[in-house]
Structure formats: structure tokens, C-alpha cells
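If you're matching positions, the sequence shown starts at 1 in UniProt numbering and goes up one per residue.
For every residue, glycine included, the Cβ atom is placed at its ideal position computed from N, Cα and C.
Take a look at the structure below.
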Amino acid sequence: MLIIFILGFVLALALALVLTPLVKKFAIRIGAVDVPNARKVHTRIMPRLGGLGIYLAFTIAFVAVLPFLPFDLPARDANFMKAFFTAGSIIVLIGVLDDRFELSARVKLLGQIIAACTVVFGYGIKVDFVNIPFQDSYSSLENWIAIPLTIFWIVGVTNAINLIDGLDGLAAGVSAIAIGSIFTMSLIMGNYPVALLCLLLLGAIVGFLYFNFHPAKIFMGDTGSLFLGFSLAMLSLLGFKQIAVVSFITPLIIIGVPLSDTFFAIIRRWVHKKPIFAPDKGHLHHCLRELGLSHRQTVLLIYGIAAFFGVLAIIQSSAAINEANWVTFLVICVMMFVLQIGAELIGLVGKTKRPLLGLIARLRIKPDPTRGSKP
Numbered sequence: 001m002l003i004i005f006i007l008g009f010v011l012a013l014a015l016a017l018v019l020t021p022l023v024k025k026f027a028i029r030i031g032a033v034d035v036p037n038a039r040k041v042h043t044r045i046m047p048r049l050g051g052l053g054i055y056l057a058f059t060i061a062f063v064a065v066l067p068f069l070p071f072d073l074p075a076r077d078a079n080f081m082k083a084f085f086t087a088g089s090i091i092v093l094i095g096v097l098d099d100r101f102e103l104s105a106r107v108k109l110l111g112q113i114i115a116a117c118t119v120v121f122g123y124g125i126k127v128d129f130v131n132i133p134f135q136d137s138y139s140s141l142e143n144w145i146a147i148p149l150t151i152f153w154i155v156g157v158t159n160a161i162n163l164i165d166g167l168d169g170l171a172a173g174v175s176a177i178a179i180g181s182i183f184t185m186s187l188i189m190g191n192y193p194v195a196l197l198c199l200l201l202l203g204a205i206v207g208f209l210y211f212n213f214h215p216a217k218i219f220m221g222d223t224g225s226l227f228l229g230f231s232l233a234m235l236s237l238l239g240f241k242q243i244a245v246v247s248f249i250t251p252l253i254i255i256g257v258p259l260s261d262t263f264f265a266i267i268r269r270w271v272h273k274k275p276i277f278a279p280d281k282g283h284l285h286h287c288l289r290e291l292g293l294s295h296r297q298t299v300l301l302i303y304g305i306a307a308f309f310g311v312l313a314i315i316q317s318s319a320a321i322n323e324a325n326w327v328t329f330l331v332i333c334v335m336m337f338v339l340q341i342g343a344e345l346i347g348l349v350g351k352t353k354r355p356l357l358g359l360i361a362r363l364r365i366k367p368d369p370t371r372g373s374k375p
């Protein structure tokens with residue numbers, strides 16, 4: 001199994017290295033290019049559609065290694081994989097059309113909902129249980145809650161990666177770190193089908209990053225960001241023995257960077273009375289660039305933040321296996337505190353919006369100037 005896993009990773013990486021230049025030529029030929037504007041960082045026309053190379057490398061590698069797997073896929077995992085590739089292909093199609101024709105936000109959202117509904121109604125995959133906090137027990141969810149919750153999860157995570165795709169190599173690198181975290185947890189849990197999918201996808205992303213890291217030769221476009229977001233949503237569902245609401249805690253931590261950036265973007269636009277879907281230059285990478293960091297420094301710093309969240313997720317997942325729920329609570333508290341302090345320091349919501357830092361400043365004990373002086 002180890003040999004198959006290693007060969008699968010190498011094959012996916014090699015395929016991405018070979019296919020990405022071909023996709024680049026194809027993107028230029030059909031006019032799938034990204035034109036600079038006031039909101040974007042790059043200053044020259046760049047080919048998009050790079051995500052198609054990731055998708056093709058990943059899919060071809062999976063088909064190649066599938067006959068040689070040293071284990072039989074359980075019926076549940078086989079059903080998941082069918083849903084993954086069917087709905088994932090729909091997502092890729094929507095991304096390709098958007099990279100070429102720039103679809104409206106409503107059309108893209110409709111396509112994502114169709115893909116999510118394919119997973120739920122076509123293959124019967126949905127959140128089945130809700131965890132009772134601090135107890136080793138579950139309560140079944142009714143379909144009227146489970147179905148919309150699953151659809152919301154898939155669509156939400158799918159878009160989270162898209163929102164941080166603003167610098168060379170940023171979305172691909174953050175996705176690779178998140179998928180690497182899921183891979184580690186799947187090994188700990190003995191879930192080898194998920195580990196295989198993660199490793200193949202990781203190989204495809206690493207191969208693509210060779211062309212996408214600064215200075216990039218090609219962008220992944222919506223084809224890549226939407227597919228990687230969808231992959232994270234599905235792998236987080238598949239990566240657990242039961243699809244329970246408690247399972248969402250771990251992937252929420254894993255995608256802490258794009259998810260928090262999305263959350264603070266919504267808050268920022270609401271505070272400034274702007275439409276929620278209105279683009280701006282207040283995202284995490286924009287704020288870090290304004291602090292004077294270079295392109296590469298910004299990307300590498302966000303990689304470090306993503307890795308920090310990945311480690312927290314692995315700790316939380318391991319604690320959940322051992323029923324140490326207090327660790328989960330502690331991890332969530334640490335994550336929320338770090339997110340809020342970081343957002344206020346770099347101005348994710350606004351340069352003057354610093355409620356927590358203001359509270360800490362007010363609570364700080366000021367020294368008494370008369371203390372220690374002679375009467």
C-alpha cells in the first residue's frame with residue numbers, strides 16, 4: 001500500500017508538470033485570460049484555467065492506481081468517490097466556463113448548488129447525526145435540517161478557497177496544507193481511501209505550484225479554486241466514520257484561513273454598508289501587502305498561518321478520537337482569540353475597528369505615579 005501511495009503521488013505530480021503547460025497554451029488559444037484591474041495585484045495579462053491541469057492530473061492518477069489498490073473499497077467509500085468525481089466534474093465545468101466567459105455570481109452559485117444537490121440527492125450523502133457536546137452520544141438529524149445543512153456546507157467551503165485566490169500560489173498552497181492535514185488525520189484514523197485521495201490531489205497541486213508560485217506563469221482560475229474548495233468540502237465529509245455535525249469542527253479549523261477571511265469580509269462590508277458580494281481590497285493578503293510585506297513574504301506568512309491551523313486541527317481530531325472534548329473547547333478558544341487579535345492588528349474589518357484590543361487596553365492596570373514616593 002505504501003508503494004502504491006508513493007507512486008500515486010509521484011504520478012499525479014508528474015502529470016501536473018506535463019499537463020499544466022498544455023493547459024496554459026489551451027487557455028491562451030481560447031481566450032481564458034485574466035486582465036489586470038484596480039482590485040488585482042498582477043499587472044499583465046495572465047492565462048487562467050490552471051485548475052484544469054490539477055483536475056486532470058488528479059483524475060488520471062486516480063484511475064491509474066485504482067486497479068492496484070491492496071484493499072477493497074467499502075460500499076460507503078465507493079459511493080462517496082462516485083459522488084466526488086461526478087459533482088466535482090460539474091464544478092470544474094462551471095469553473096472552465098467562468099474562466100472563459102466570466103459568468104455572473106448567480107450563475108456560478110446555481111452551478112454549485114446543482115453540484116451539491118447531486119451529492120445529496122443523487123448519492124444520498126448528507127449530515128446524519130448531531131453530536132451532544134461533552135458526551136459520547138449522537139442524535140439523528142431530520143432530513144429537513146440535514147439536507148440544507150449539507151448543501152450549505154458544500155457550497156460555502158467551495159467558495160471559501162475562491163475568495164483567497166488573490167496572490168501567486170496562495171490558494172493552491174493553502175489548499176495543499178489543508179489537504180495535507182486531512183491526509184495526516186486520515187492516516188491516524190486508518191481511513192486509507194481518504195488518504196489516497198488526499199495524496200493524489202496533493203501531488204497534483206504541488207506539480208501545479210511549480211508554475212503558479214510567484215512569479216506565476218499561469219493562474220488556477222475559478223476552475224482550480226472552486227474544485228479545490230469542493231474537494232475540501234467532500235474530503236472533510238468522507239474523512240470521518242460517521243457524517244456528524246461534530247465532524248465539521250476539524251475541517252473548519254483546517255480551512256481557518258480562507259473561512260476567517262470570508263467571515264471578516266462579510267463583516268467588513270456590512271460595517272461599511274457595502275453589498276456582501278462586492279469585491280474589495282481588504283482581504284488578508286491585501287492587508288499584509290499594505291504592511292510592507294513583499295509578494296512572497298505575504299504568501300509564505302499565510303502558509304505559516306494555515307500550517308498553524310492544520311496543527312490545531314490534528315490536535316483536535318486526535319483528542320476527539322480519545323474523547324478529550326476539553327481539548328476541542330480549548331483549541332476553539334485559542335483559534336478564535338488568535339483570529340480576532342490578528343484581524344484587528346492588520347485591519348481586516350477596518351483600521352479603527354479594534355474592539356478586543358480596545359477592551360484589553362481599558363483593562364490594563366495603569367501604574368500609580370504616586371506609588372513609591374516619599375510622603
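Checklist entry - Tell me which same chain residues have a C-beta within less than 6 angstroms of the C-beta of residue 219, skipping the five on either side of it? => result Only 34, 46, 48 and 50 meet the Cβ criterion.
Next on the checklist: In whole angstroms, give me the CA-to-CA distance for residue 230 and residue 363.
Outcome noted: A direct Cα-Cα distance of roughly 43 angstroms separates residue 230 from residue 363.
Checklist entry - Name the DSSP bridge partner or partners of residue 33? => result 47
Item to check | Test item: CB-CB of residue 257 and residue 305 under 8 angstroms | outcome: yes
Next on the checklist: According to DSSP, is residue 1 part of a helix, a strand, or is it coil?
Outcome noted: Residue state, collapsed to three classes: coil.
Checklist entry - Between residue 235 and residue 145, which are expected to be in contact by the criterion C-beta below 8 angstroms, what is the C-beta distance as a whole number of angstroms? => result A Cβ-Cβ separation of about 23 angstroms leaves residue 235 out of contact with residue 145 under the 8 angstroms criterion.
Item to check | Given 8 angstroms, three or more beta-carbon pairs between the stretch 60-80 and the stretch 98-112 | outcome: no
Next on the checklist: According to DSSP, simplified to helix, strand and coil, what is residue 96?
Outcome noted: helix
Next on the checklist: Quick check on residue 301: does DSSP put it in helix, strand or coil?
Outcome noted: helix
Checklist entry - Going straight from the alpha carbon of residue 84 to that of residue 119, what length do you get? => result 8 angstroms
Checklist entry - Which of helix, strand or coil does DSSP assign to residue 142? => result coil
Checklist entry - Taking the Cβ atom as the reference point for each residue, do residue 75 and residue 12 lie within a distance shorter than 8 angstroms? => result no
Item to check | Residues near residue 4 in its chain [Cβ-Cβ closer than 7 angstroms; skip 5 each side] | outcome: 65, 68, 69 and 70
Checklist entry - DSSP three-state call for residue 186: helix, strand or coil? => result Residue state, collapsed to three classes: helix.
Item to check | Other residues of its chain near residue 201: CB distance less than 7 angstroms, five sequence neighbours each side excluded | outcome: These residues qualify, in order along the chain: 58, 179 and 231.
Checklist entry - Taking the alpha carbon of residue 223 as the point to measure from, which residue in 345, 312, 128 and 99 has its own alpha carbon closest? => result 99
Next on the checklist: For residue 126, count the other beta carbons within 10 Å of its own beta carbon; 16 or more makes it buried, fewer makes it exposed. Which is it?
Outcome noted: With 16 or more other Cβ atoms within 10 Å, it is buried.
Checklist entry - Taking just the CA atoms, how far does residue 190 sit from residue 196? => result 11 angstroms
Item to check | residue 151 in three-state terms, based on DSSP | outcome: helix
Item to check | Minimum C-alpha distance to residue 161 - residue among 121, 147, 184 and 252 | outcome: 252
Checklist entry - Alpha carbon to alpha carbon, how far is residue 154 from residue 163? => result Whole-angstrom Cα-Cα distance: 15 angstroms.
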